[in-house]
Every structure is written in structure tokens, then in C-alpha cells.
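Peer 1: Here the sequence shown is numbered in full-length UniProt numbering, starting from 1 and rising by one per residue.
Just so it is clear, CB atoms sit at the ideal spot from N, CA and C, and this is done for glycine as well.
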Amino acid sequence: MDLFALAFYLFAILIIGSAAVMVFTKNIVHAAFALMFTFAGLAVFYALLYAGFVAVTQLLVYVGGILVLILFGVMLTTKGYFEKVKTRTVNLVPATIFSAVVAAILIMVFLSTSWVLVPLEADEVSMTALGELLLTDFMLPFQVAGVLLLLAIIGAVLMSARTRTPKVPDQKQQETS
């Protein structure tokens with residue numbers, strides 16, 4: 001077994017394991033971090049396929065963007081709401097049966113397909129050329145997107161900051177003192 005196959009199998013186990021943790025955990029923060037490992041594993045798969053730009057985009061957009069969005073959603077939601085929510089496994093048996101049937105169909109399709117390697121005919125665009133394009137011809141949209149993201153983060157922080165008003169003691173507490 002060569003190094004490529006070993007890396008593929010190790011990251012496949014990481015992706016499947018973290019996806020299972022994401023589905024079956026009852027803590028939303030743990031699910032978000034399991035999602036992060038799933039996305040990072042997929043980025044490694046893209047890197048193993050020599051798709052460097054897609055791998056970096058996977059890390060930036062999904063790990064850096066979507067995961068931060070989920071964590072901001074958790075931060076901005078009141079804590080009491082999550083304490084009241086109880087996740088149950090009511091539909092675990094039907095979901096497991098359905099997942100097993102879908103997995104069996106996918107395995108049958110995978111095994112019955114004749115896979116033919118096609119030589120790459122498209123011109124390869126280097127990461128350097130893409131970076132130069134982003135920072136020359138597409139500089140304005142790139143900067144506008146960065147400013148919009150910065151404003152969204154500042155807005156989320158300001159919305160999550162609560163103004164605390166000093167508590168006025170109840171009259172019953174004052175009378176007993």
C-alpha cells in the first residue's frame with residue numbers, strides 16, 4: 001500500500017467518523033466541530049486529487065465561513081433555548097434501514113461501473129495565477145466582499161453584546177432584610 005492509498009483510507013475513516021459524531025451527538029457545539037473535521041477531511045481529498053484551489057476554497061468557505069456562521073448562531077441564541085431542546089432518537093430504526101438501503105445501492109452502482117481514466121486535457125491554472133487575478137483584475141469585488149464580511153462580524157458581535165441593567169431588589173427581599 002502506497003502513501004497515497006494510506007492517506008486516502010485514513011482521511012476516509014476521519015470523514016465517516018466525524019460525520020457520524022455530527023449526526024448522533026446531542027450537543028450542537030460538538031456537532032459543529034465534527035462538521036469542521038468532515039469539511040477538513042474533504043479538503044484533504046481534494047488536495048489528494050491535485051485540486052489545490054478547490055481544497056483551499058473548501059477550507060476557506062466551508063471551514064472558515066459556514067462553521068463560523070453556525071458558531072455565531074449558537075452564540076447569538078439564548079442559552080435557555082438549548083437547555084429545553086431534547087434530541088431524541090425516535091426515528092433511528094427507520095433512518096438506519098433507509099441509510100443501509102441507500103448505501104447498498106451506491107455500493108452496487110460503484111462495483112458495477114467500469115471506471116475509465118481520462119487524461120486531463122484542460123489547461124491547469126496555477127494558484128499563483130489565480131492569486132494574481134484576484135489581486136489585480138478582481139481587486140474591487142475581493143475587497144468589497146472582505147468589507148462586507150467584516151461588517152457582518154461587527155454586527156454579530158454588537159448584537160450579541162447585551163446591555164446589562166442593574167437588578168432592582170424585590171420589595172419582598174427588602175422587607176425581610
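1. Can the beta-carbon of Phe53 be found less than 9 Å from the beta-carbon of Met127?
2. Closer than 7 Å by C-beta to Met36: which residues in its own chain qualify, once you throw out the five before and the five after it? Chain order, please.
3. Taking only runs that begin and end inside the segment 41-72, name each unbroken alpha helix (DSSP H) of 4 or more residues, in chain order.
4. If we cut at 9 Å on Cβ distances, does Gln143 have a partner in chain D?
5. Given this structure, state the Cα-to-Cα distance separating Pro94 from Ala12, to the nearest angstrom.
6. Return the chain-ordered list of same chain residues with a C-beta closer than 8 Å to the C-beta of Val118, the five sequence neighbours on each side being excluded.
7. Is the distance from the Cβ of Phe45 to the Cβ of Ile15 below 9 Å?
8. What are the start and end residues of the alpha helix (DSSP H) that includes Val23?
Peer 2: Taking the definition as stated:
1. Residue mapping note: residue 53 aligns to position 53 of the sequence shown, counting from 1. Residue mapping note: residue 127 aligns to position 127 of the sequence shown, counting from 1. Closer than 9 Å, so yes.
2. Taking the first residue of the sequence shown as position 1, residue 36 is located at position 36. Counting only Cβ-Cβ distances below 7 Å, and skipping sequence neighbours, we find Val63, Leu67.
3. 52-57, all fully within the segment 41-72.
4. The question asks about chain D, but that chain is absent: this structure has only one protein chain.
5. By one-based count along the sequence shown, residue 94 stands at place 94. By one-based count along the sequence shown, residue 12 stands at place 12. Between Pro94 and Ala12, the C-alpha separation is close to 25 Å.
6. Residue numbering aside, residue 118 sits at position 118 when the sequence shown is read from its first letter. Cβ neighbours of Val118 beyond the five flanking positions: none.
7. Reading the sequence shown from its first residue, position 45 is the one you call residue 45. Reading the sequence shown from its first residue, position 15 is the one you call residue 15. It is a contact, given that the beta carbons lie within the stated cut-off.
8. As a working mapping, residue 23 is identified with position 23 in the sequence shown. For Val23, the enclosing alpha helix (DSSP H) has its first and last residue at 3-24.
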